[in-house]
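Residue numbers (this note's numbering): 14 to 277. Every residue gets a Cβ at the ideal spot worked out from N, C-alpha and C, and that includes glycine. Below: the structure, in structure tokens.
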Amino acid sequence: MKSLVKVHVMHTGEVKVDRALPFEELGEVPPVNVRGEEFQIWLPMSSYLIEHPKGRIVVDSGWHEEVRTNPLEHLGAVAHFVEYRLSPGASIREQLTSKGLSPKDIDLVIISHLDVDHISGLKLLDGAKRFYVSDIELKHVQPFKKRWYEGLPLETFEFESIPHGPYGLGKDLFGDGLVYLVFTPGHTAGQVSVLIRLESEWLLLASDVGYSERSWKELLLPGITVSQEQAIESLKWVHRFSQRDDCLAALANHDPAVQPNVYG
Numbered sequence: 014m015k016s017l018v019k020v021h022v023m024h025t026g027e028v029k030v031d032r033a034l035p036f037e038e039l040g041e042v043p044p045v046n047v048r049g050e051e052f053q054i055w056l057p058m059s060s061y062l063i064e065h066p067k068g069r070i071v072v073d074s075g076w077h078e079e080v081r082t083n084p085l086e087h088l089g090a091v092a093h094f095v096e097y098r099l100s101p102g103a104s105i106r107e108q109l110t111s112k113g114l115s116p117k118d119i120d121l122v123i124i125s126h127l128d129v130d131h132i133s134g135l136k137l138l139d140g141a142k143r144f145y146v147s148d149i150e151l152k153h154v155q156p157f158k159k160r161w162y163e164g165l166p167l168e169t170f171e172f173e174s175i176p177h178g179p180y181g182l183g184k185d186l187f188g189d190g191l192v193y194l195v196f197t198p199g200h201t202a203g204q205v206s207v208l209i210r211l212e213s214e215w216l217l218l219a220s221d222v223g224y225s226e227r228s229w230k231e232l233l234l235p236g237i238t239v240s241q242e243q244a245i246e247s248l249k250w251v252h253r254f255s256q257r258d259d260c261l262a263a264l265a266n267h268d269p270a271v272q273p274n275v276y277g
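Below is the structure:
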């Protein structure tokens, strides 16, 4: 039986950070290149295209194309905290175009959380029918982040009871049990992971619950959290779910081991 849902994993840029950002080792994460080169790491930034019988979904957007031409204006102070790289053809707009799609062909854009590396390119998706972020995430957003989504028709959703996640909260996106938004807070207040049913197996897009598979296997927190207690609970849940016989894969957004691929 063919899967009803297909998932495209795309890399929509790279970010260079101090390794204390993906793996907590200091009380505060320093800007990139403050410490020696051995403390620096380049990480991919993933976006996802989900094809569901009821519509096409994009999850997160990676870098905007302006990081190639006008990074200081686009990123503001963030430009001094990280390094950034966006290869030709790698933006979310360019990758959709390569698949014969435009933003108008996207029914829903899901924002896992409102960090710049996940929303910088949102305006490249202007024309998509809907933009979704959790109400908790938007309530706690830092004001400077509005620059990357201001003017877009952002909608919020409330968490409901679902059979998955560390707190059993999220949203069954189409009411058919094929795509769940799962409340996995800790890194940010309202972060969601995305759980997708592919025929007889599950694919878990774990956002920034952890920065690699090692994160949940060793319970390594991200360097930036709003609640360490919630972050640990979310990591534990991802680890438990990844061990299920019917879990095809659990993918961290920034894991260098995860390559572009198509599932389903």
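TRP229 counts as buried, since no fewer than 16 other beta carbons sit within 10 angstroms of its beta carbon. Residue environment analysis places SER174 among the exposed positions, since fewer than 16 neighbouring C-beta atoms fall within 10 angstroms of its C-beta. In the pairwise beta carbon analysis, the region 203-211 is classified as not touching the region 78-85: fewer than three pairs are separated by under 8 angstroms. In the three-state reduction of the DSSP assignment, ARG210 falls in the strand class, which pools E and B. Of the candidates LEU264, VAL28, GLY236 and ALA265, the residue whose Cα lies closest to the Cα of VAL129 is VAL28. Note on HIS252: 16 or more other CB atoms within 10 angstroms of its CB, so buried under the neighbour-count rule.
Cβ atoms of LEU121 and TYR145 come within 8 angstroms of each other, at about 6 angstroms. In this structure THR110 is exposed. Its beta-carbon is surrounded by fewer than 16 other beta-carbon atoms within 10 angstroms.
Boundaries cannot be given for PHE52, as no alpha helix (DSSP H) includes it and DSSP labels it neither H nor E. When DSSP states are grouped into helix, strand and coil, SER147 belongs to the strand group.
The shortest CA-to-CA distance from GLY40 to any of VAL71, GLU107, GLY236 and ILE132 is the one to GLY236. Within the same chain, GLY183, TYR193, VAL195, LEU208 and PHE254 come within 8 angstroms of HIS177 by CB-CB distance, once the 5 residues on both sides are set aside.
A direct Cα-to-Cα measurement between SER240 and SER115 gives close to 38 angstroms. Out of PRO166, VAL71 and HIS200, the CA that lies nearest to the CA of LEU186 is found in VAL71. At least 9 angstroms separates the beta-carbon of LYS142 from that of ALA202.
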